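Here the structure is laid out as structure tokens; the discussion comes afterwards.
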Amino acid sequence: MEYIAAADTDIGISKKINQDSICVKSARTSQGRAALIMICDGMGGLSKGELASASVIRSFAQWFDNELPYELDCWNWEDAGKNAANRLQKLNQQLIDYGSRTGFQMGTTATGILAVNSQMMTFHVGDSRIYKLSYRIKQLTEDHTFVNREIKAGRMTPQQAMLDPRRNALTQCIGVTGSVSPDIRFGSIENGANYLICSDGFRHVINEQEILHVLSPERITTKSSMQAKIRELIETVKARNERDNISAAMFRAEF
Amino acid sequence: MTREELMVIAAAAAVFIVINIIMWTIIAKIEKRKKTKEQTSSAVKTAEPKAPTAALTEQKPVKTTAERSVQISREPRSDFVLIDDIVIIHTDEFI
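Going line by line, the protein sequences match chains A and B.
Residue numbers 1 to 255, in the numbering used here, belong to the letters of the first sequence in order.
Residue numbers 1001 to 1095, in the numbering used here, belong to the letters of the second sequence in order.
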């Protein structure tokens, strides 16, 4: 079994700071393969968003390096899900406490994939997204946004949502809302499919078919081609005047 | 204590309980409304940072695997070999 992963981020064309953070880790272990692919999008409207996203990424990166090797000895997906949710809730409280101590209001999304051999878990808070790309593209996460909640409740159409001034309002994120309920999902990794995690800046001005066209599994067979195709789409997004930071990470398993 | 006195005490207790139930129901509703309002209004992402500080203008991505706050009490596992190890963050600050 082989894991291929790559990531890239760009400050974009108008922001003075890149508030996104990324973690791509994979390891070969005596139990097989393990990987953590994660993106955190610091809140653009909140000060110190880059500190919020960095703090969450650091915490998960440290967990991968220092705790996962031991947890793999008696691996249990249910416990892994609970631990990820607990970690996100704890980080949420830490960021809120730091904000109240220092006067900075910080927030970040947190969306990632944890893979162990042929199984995976997704964890998600905010409006970053995970897509699965095979012969088609499928969104695996649901945006925690006000407009998405309204669409699901039947009170708004997707067309209305695109024009609504509240389209960027999040219903939950790390560091802002008093409590968070991360979406945790489990599943099997599809052999040869590409899994894309991206910030909202990556997908605002490109549609799903364009993403599938460039990042489809048949076009990407190596790590370097994965890296190049992500950069290609980031440049496309910048050329279309996206004003946000732009980040994407990809993961693929072959067995 | 006469039967009438007992009836008065029982009635007073019943009134007290009813008032308490109504009061806490109202309080719970107000708290819930407040919480919902906070959750939707405080998490708004805007296109531009509200107040970027001067210190935040440096934009060199920090790729790091060494973490200041790690407290490792166990020995590193030799059977756990990192293949990809990318951490991209844009600040040196810690909370």
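Even glycine gets a Cβ: it sits at the ideal position worked out from N, Cα and C.
Only a predicted model underlies this, so the values are computations on that prediction, with no experimental measurement involved.
F123 of chain A is bridged by DSSP to A:G112 and A:I184. Around S14 of chain A, the same chain offers R243 as residues with beta carbons nearer than 6 angstroms, after the five sequence neighbours per side are excluded. For T236 of chain A, the uninterrupted alpha helix (DSSP H) segment begins and ends at K223 to A239. The alpha-carbon separation between V56 of chain A and E218 of chain A amounts to approximately 33 angstroms. Using a CB distance below 7 angstroms, the part of the segment 20 to 34 of chain A facing chain B consists of S21, I22, C23, V24, K25, S26, A27, R28, T29 and S30, ordered along the chain. N194 of chain A is bridged by DSSP to A:L133 and A:R252. For R1033 of chain B, there are no C-beta contacts with chain A under 9 angstroms, since the nearest C-beta of that chain is about 14 angstroms from it. Counting other Cβ atoms within 10 Å of its Cβ, S247 of chain A reaches 16 or more and is therefore classed as buried.
Burial is judged here by how many other beta carbons sit within 10 angstroms of a residue's own beta carbon; C74 of chain A has fewer than 16 and is exposed. Close to S55 of chain A, with beta-carbon spacing below 8 angstroms, are these residues of chain B in chain order: F1094 and I1095. In the DSSP secondary-structure assignment, C74 of chain A is not bridged to any residue.
Contact annotation: T1025 of chain B and L51 of chain A have beta-carbon atoms that are not nearer than 8 angstroms.
Per DSSP, the unbroken beta strand (DSSP E) holding G32 of chain A starts and ends at G32 to D41.
At least one CB of chain B lies nearer than 8 angstroms to the CB of I17 of chain A. In the DSSP annotation of this structure, F1094 of chain B is not part of any alpha helix (DSSP H), being labelled neither H nor E. Just so you know, the alpha carbons of F104 of chain A and A5 of chain A end up roughly 34 angstroms apart. Per DSSP, reduced to three states, the secondary structure at K25 of chain A is strand.
For L170 of chain A, the CB contacts under 7 angstroms within the same chain, skipping 5 residues up- and downstream, are G126, D127, H144 and T145 in chain order. With the criterion set as a beta carbon lying under 9 angstroms from some beta carbon of chain B, the members of the segment 187 to 208 of chain A are D200, in sequence order. The residue among A:I96, A:C198 and A:M121 with its C-alpha nearest the C-alpha of N76 of chain A is A:M121. If you draw a 10 Å sphere on the C-beta of K48 of chain A, you find 16 or more other C-beta atoms in it, and that means buried. Under the Cβ criterion of 8 angstroms, Q94 of chain A is counted among the residues facing chain B. Taking C-beta atoms as the reference points, A27 of chain A and I1083 of chain B count as a pair closer than 8 angstroms. Leaving aside the five residues that flank Q139 of chain A on each side, the residues in its chain whose CB is nearer than 7 angstroms to its CB run, in chain order, R129 and Y131. Looking at the DSSP output, V1087 of chain B shares a beta bridge with A:C23. Excluding its 5 nearest sequence neighbours in each direction, T222 of chain A has C-beta neighbours in its own chain below 8 angstroms: I4, listed in chain order.
From the listed residues A:E190, A:G12, A:S134 and A:P182, the smallest Cα separation to S216 of chain A is found for A:S134.
Going by DSSP, I4 of chain A is part of the beta strand (DSSP E) stretching over E2 to D10. At least 8 angstroms separates the beta-carbon of S21 of chain A from that of S59 of chain A. In terms of Cβ geometry, N117 of chain A and M226 of chain A do not form a close pair [threshold 8 angstroms]. Relative to N207 of chain A, the option among A:T236, A:I220 and A:I96 whose CA is nearest is A:T236.
For M162 of chain A, the enclosing alpha helix (DSSP H) begins and ends at P158 to L163. Residue-level contact check: P182 of chain A does not touch chain B, since none of the beta carbons of chain B fall below 8 angstroms from its beta carbon.
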